[in-house]
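>
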Amino acid sequence: MEIDWSKVDSGGAPGPDSSDGMTPVQRHGQLRVSGTDLVDQTGTAIQLKGPSSMWLNWETTGYALSGPGLQFLRDDWRASVIRAAMGVDASGPSYLANPVKAKADVRTIVNNAIALGLYVIIDWHDHVAQDHAAQAVAFFTEMAQEFGDTPNVLYEPFNEPQGVAWATVVKPYHDMVVAAIRAVDPDNIIILGTPSWSQNVDEAARIPVVGSNLMYTLHFYSCTHAQSLRARADAARALGAAVFVTEWGATDADGGTAAHPTLCLEEAQTWHNWMNAKKISWTAW
Numbered sequence: 198m199e200i201d202w203s204k205v206d207s208g209g210a211p212g213p214d215s216s217d218g219m220t221p222v223q224r225h226g227q228l229r230v231s232g233t234d235l236v237d238q239t240g241t242a243i244q245l246k247g248p249s250s251m252w253l254n255w256e257t258t259g260y261a262l263s264g265p266g267l268q269f270l271r272d273d274w275r276a277s278v279i280r281a282a283m284g285v286d287a288s289g290p291s292y293l294a295n296p297v298k299a300k301a302d303v304r305t306i307v308n309n310a311i312a313l314g315l316y317v318i319i320d321w322h323d324h325v326a327q328d329h330a331a332q333a334v335a336f337f338t339e340m341a342q343e344f345g346d347t348p349n350v351l352y353e354p355f356n357e358p359q360g361v362a363w364a365t366v367v368k369p370y371h372d373m374v375v376a377a378i379r380a381v382d383p384d385n386i387i388i389l390g391t392p393s394w395s396q397n398v399d400e401a402a403r404i405p406v407v408g409s410n411l412m413y414t415l416h417f418y419s420c421t422h423a424q425s426l427r428a429r430a431d432a433a434r435a436l437g438a439a440v441f442v443t444e445w446g447a448t449d450a451d452g453g454t455a456a457h458p459t460l461c462l463e464e465a466q467t468w469h470n471w472m473n474a475k476k477i478s479w480t481a482w
């Protein structure tokens with residue numbers, strides 16, 4: 198089910214400002230983390246907004262891979278970022294089953310974003326990434342070697358950790374992948390998945406990964422998640438963590454299905470008011 202975007206106030210246009218004719222990357226340049234903020238080349242706190250692709254291995258419309266489609270999102274929806282959600286161990290041409298096809302899809306989206314002056318998140322879309330650490334290190338090393346010298350690229354090494362501890366499982370995985378990326382790319386943003394479907398950002402913030410330009414992932418779906426999850430994010434920020442909502446929807450946590458078709462727009466608006474007030478960036482599922 199499609200969201201009626203006219204009913205969800207995202208707090209202003211997220212992409213190009215027609216008054217200056219610049220793309221998001223032309224305007225903001227190299228990004229970095231300052232305190233709990235994502236800031237641009239001038240040190241000004243910014244808020245990136247845009248879509249996430251579907252699991253690329255299950256993408257059937259081709260829209261996520263379309264250059265003209267992404268240009269429409271930039272120019273009409275004013276997107277400033279796109280998330281390339283590369284399925285890792287799911288069915289279809291996922292990364293483990295067909296790495297050549299999976300990497301080609303990611304490269305297409307990244308190259309389209311670079312051509313259009315958009316930011317792009319390379320997402321290792323995996324729920325058990327700790328079981329595929331060697332493959333993730335090899336993948337992100339390759340992506341950093343290819344794209345790390347551009348300001349467009351952000352990395353997301355773990356989509357949604359499930360049922361595993363931060364300190365003993367998720368953090369050691371992140372330590373390994375962050376080290377691999379930083380060996381090639383010293384400065385682009387890395388967004389770290391957090392426990393329990395990327396909801397327990399406060400748990401991660403209490404034992405943070407050491408390094409610079411690191412952010413922590415929060416995912417929400419407004420029919421399922423409300424104030425208690427925002428409180429976790431506020432607690433994480435109070436501990437000094439920078440938060441990026443790399444996945445959200447105005448639906449049930451299943452993403453909106455025939456079994457759960459409801460849209461919870463009022464709660465979605467509350468989420469947007471909260472993100473806008475704190476300049477928390479997002480990509481919508």
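First residue of the sequence shown? That's 198 in my numbering, and the numbers climb one at a time after it. Where a beta carbon is used, it is the ideal one built from N, C-alpha and C, also for glycine. Given the structure is predicted, the values throughout are model-derived calculations rather than measurements.
#1: What does the alpha-carbon distance come out to for the pair Ala439 and Ile311?
#2: Would you please state the rounded distance, in angstroms, between the beta carbons of Val307 and Phe336? I believe it to be under 8 Å.
#3: Which partner residues does Tyr418 have in the DSSP bridge list?
#4: Would you call the segment 256-264 in contact with the segment 228-238, where contact means no fewer than 3 C-beta pairs closer than 8 Å?
#5: Could you have a look at Arg429 and say whether DSSP puts it in helix, strand or coil?
#6: Leaving out five residues on either side along the sequence, give the residues of the same chain with a beta carbon under 8 Å from the beta carbon of Lys476.
#7: Just to confirm the assignment: which complete beta strand (DSSP E) runs, minimum length 3, are found wholly within the segment 299-372?
#8: Evaluate Glu463 with the Cβ neighbour count: other Cβ atoms within 10 Å of its Cβ, from every protein chain shown; 16 or more gives buried, anything less gives exposed.
#9: Given this structure, state the Cα-to-Cα distance separating Met340 from His416, to the nearest angstrom.
#10: Apply the 10 Å Cβ neighbour rule to Asp217 and answer buried if 16 or more other Cβ atoms are within range, or exposed otherwise.
#11: On the three-state DSSP scale, how would you describe Lys246?
#12: Indicate whether the contact test is met: 3 or more Cβ pairs, each with one atom in the segment 383-392 and one in the segment 421-428, closer than 8 Å.
#13: Quick one: complete beta strand (DSSP E) runs, 3+ long, within the segment 248-284?
#14: State the start and end residues of the unbroken alpha helix (DSSP H) segment that holds Asp399.
#15: Ignoring anything shorter than 4 residues, give me the alpha helix (DSSP H) runs that lie fully in the segment 436-480, in order along the chain.
#16: Assuming the contact rule is C-beta atoms closer than 8 Å, Val381 and Gln342 should be a hit. Round their C-beta distance to whole Å, please.
#17: According to the Cβ coordinates, are Val285 and His225 closer than 8 Å?
#18: Rank Gln238, Ala401, Trp252, Met219 by C-alpha distance to the C-alpha of Ile386 and give the top, closest one.
#19: For Ala474, which residues in the same chain have their Cβ closer than 7 Å to its Cβ, ignoring the five residues on either side in sequence?
#20: Do Lys246 and Trp479 count as a contact pair if the criterion is CB distance below 8 Å?
#21: Would you kindly work out how many angstroms separate the C-alpha atoms of Trp255 and Gly289, rounded to a whole number?
#22: Contact between the segment 402-420 and the segment 438-452: three or more CB pairs below 8 Å?
#23: According to DSSP, Ser231 sits in a beta bridge with which residue or residues?
#24: Is DSSP giving Ile553 helix, strand or coil here?
#25: By Cβ distance, which residues of its chain are closer than 7 Å to Trp482, with the 5 residues on each side in sequence left out?
#26: Going by CA-CA distance only, name the one from Phe355, Thr220, Ala376 that's closest to Asp273.
A quick look at the data gives this:
#1: 25 Å
#2: Rounded, the Cβ-Cβ distance is 13 Å, inconsistent with contact.
#3: BP columns for Tyr418 point to Gly446.
#4: no
#5: helix
#6: Asp234, Leu235, Ala242, Ile243, Gln244
#7: 316-322, 350-353
#8: The residue in question, Glu463, is exposed, as its Cβ has fewer than 16 Cβ neighbours within 10 Å.
#9: 24 Å
#10: exposed
#11: strand
#12: no
#13: 278-284
#14: 398-403
#15: 462-475
#16: 5 Å
#17: Pairing Val285 with His225 gives a Cβ-Cβ distance that is not under 8 Å.
#18: Gln238
#19: none
#20: yes
#21: 7 Å
#22: yes
#23: Asp234
#24: No information on residue 553 is available, as it lies outside the stretch 198 to 482 that the chain covers here.
#25: In its chain, beyond the 5 residues on either side, Ser249, Glu444, Trp445, Gly446, Gly452 have a beta carbon closer than 7 Å to the beta carbon of Trp482.
#26: Thr220
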